[in-house]
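Numbering (our numbering), first residue to last: 499 to 927. Single-structure report; data block below.
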């Protein structure tokens, strides 16, 4: 992937020193924003050390990145995610140790949001309330969810957005690097398109952002450097109550390698959007789902699912055509966009039919174990998917009930014809 980037950090209008830190490392494809916290300039130390430590950790294991670029499989993707999570964890442990050894630095910590560009994708990791936004097709999408008390209360419906703006605990974060010996970084794997823009920022900027549409409009009309400058200026014009850091990354070209069957991110997202199960999910949640998607290719005659075998894989047809057969009888032919095998996500039972490719076919596959592992980490999404399941089952039950009533009516009419002899129409003699 070829990228360009621009970044600035500003003290703001109400602070006397800057505890934010940022990194632009085009050689490594690494971009970071950290927002430090702690008295006596300890926050500044925490943010700068975290940037340095994460950069050094990823550089040491650069071979893992090369392995992914050369062979972008699901397994190699997992290795990259582990690398990024490990880099943040190493930084957390070392910053915590520094705080324990120096009373002036005790309790210091920092947020982190980072983007690692490689091949045709970007790996995002974050801890705290610094954010990443994606600007694509004239729309802006927040890809990270704040690890903060306010965000948690918003997600669980205990606060409205209007109430959140004035909450007295607006700055209380629930995760940070260095305040404890360990921390869990939240990671995302985002497939990129040419002309995508990512914006990494501290809360000193996004606290003054009224909506994502505002950011999309700014990005659409401004060059990359001007976008960064305008973001800083906007936050200062709004009051500049905190340090302000913004790093913008633009994808100039994407290196397509054909990994995972070479299906574009647009086709994957569109396929998910049209599946009833994921109809209530927002962009951030769909990206989460894509993190567990495998893409498989099949030739004509290949059996994708075999009747009476046990499995928990769920499929979405991306291209080609398949037939669904039960006991040798053709039930239906499926075209792109159709899901199959979804009931296996609810119960690991024997397959009720065979699914066979009729022509060169590509399908997205979601494994049951990956699906439930994701839901354990995403309870809000789990509720949405459960609701979608219930709505789909309700619709099927209603349809089945209507068909049953119709069948009973037809059976009753047939029985009447059989039991009641036809009237004798022979003329009387």
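The beta carbon of each residue, even a glycine, is placed where N, CA and C say it ideally should be.
First through last residue of the beta strand (DSSP E) which encompasses residue 599: Unbroken run through residue 599 is the alpha helix (DSSP H), 572-599; no beta strand (DSSP E).
Once the 5 residues before and after residue 683 are set aside, which same chain residues still bring their CB inside 6 angstroms of it? 583, 586, 623 and 625
My output table needs one value for residue 518: the three-state DSSP class, helix, strand or coil. Looking at residue 518 - three-state DSSP - the assignment turns out to be strand.
Count the other CB atoms, across all protein chains shown, that sit within 10 Å of the CB of residue 837; report buried if there are 16 or more and exposed otherwise. buried
Per DSSP, the bridge partner or partners of residue 730: According to DSSP, residue 730 bridges with nothing at all.
Alpha helix (DSSP H) runs contained entirely in the stretch 764-845, provided each spans 4 or more residues: 781-788
Should residue 703 and residue 733 be called a contact, given that it needs their Cβ atoms to be closer than 8 angstroms? yes
Taking only runs that begin and end inside the stretch 611-668, name each unbroken alpha helix (DSSP H) of 4 or more residues, in chain order. 647-653 and 659-662
Distance, residue 798 Cα to residue 722 Cα: 47 angstroms
According to the Cβ coordinates, are residue 602 and residue 593 closer than 8 angstroms? No, the Cβ-Cβ distance between residue 602 and residue 593 is not below 8 angstroms.
For residue 547 and residue 566, the rounded distance between their alpha carbons: 27 angstroms
Going by C-alpha to C-alpha distance, which of 786, 694 and 707 sits closest to residue 750? Out of 786, 694 and 707, the CA that lies nearest to the CA of residue 750 is found in 694.
Taking residue 544 as the reference, give the member of 678, 647 and 860 with the closest Cα. 678
Do residue 820 and residue 769 count as a contact pair if the criterion is CB distance below 8 angstroms? no
Once DSSP output is grouped into helix, strand and coil, what is the label at residue 546? helix
Own chain partners of residue 619 with C-beta closer than 7 angstroms, once the 5 adjacent residues on each side are dropped: 687, 688, 689 and 690
By how many angstroms is the C-alpha of residue 680 removed from the C-alpha of residue 578? If I take the Cα positions, the gap works out to 20 angstroms.
Are three or more beta carbon pairs between the stretch 706-725 and the stretch 626-640 nearer than 8 angstroms? yes
Label residue 631 either buried or exposed according to how many other C-beta atoms from any shown protein chain fall within 10 Å of its C-beta, with 16 as the threshold for buried. buried
Between the stretch 877-889 and the stretch 773-780, can you find at least three pairs of beta-carbon atoms closer than 8 angstroms? yes
Nearest to residue 560 (by Cα), restricted to the options 649, 614 and 501: Closest in C-alpha terms to residue 560, from the list 649, 614 and 501, comes 614.
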